[in-house]
Amino acid sequence: MARVQLLIPDEDRDRFVHQARMEGMSLSAWLRAAARQRLADKQRAVPFESAEDLQRFFRECDALEGPKVEPDWEEHLDVINESRRGGTSGT
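For my numbering, add 561 to where a residue sits in the sequence shown, where the first one is 1.
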């Protein structure tokens, strides 16, 4: 079995140890499980194999619920500016 040295901030180590204990694991076992889970998550993504796959993906996205038309840029700016004014007196 290989040994890996890992440098992490003390605060992260404390949080990781706490979570590992909550799950009934050693820190080493918890880190291995977290790494395996991350690999599994990344490997689930299947790349598009053809232009038709990509087109199918976009058709499926278009079929999802949601606004039919996105707001135009001016509407976005209005929302941003209104948010900025939220804490001011307006004078």
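Just so it is clear, CB atoms sit at the ideal spot from N, CA and C, and this is done for glycine as well.
Check	Outcome
Just the Cα atoms here: how many angstroms apart are A581 and R599?	16 Å
So, under 8 Å CB-CB, L592 and V578 are touching, yes? Tell me the CB distance rounded to an integer number of Å.	Wrong, their Cβ atoms sit about 10 Å apart, outside the cutoff.
My assumption, with CB atoms under 8 Å, is that A594 sits in contact with M586. Please give the rounded CB distance.	7 Å
Express the C-alpha separation of E635 and E643 in angstroms, rounding to a whole number.	12 Å
Go ahead and pull the three-state DSSP assignment for S611.	coil
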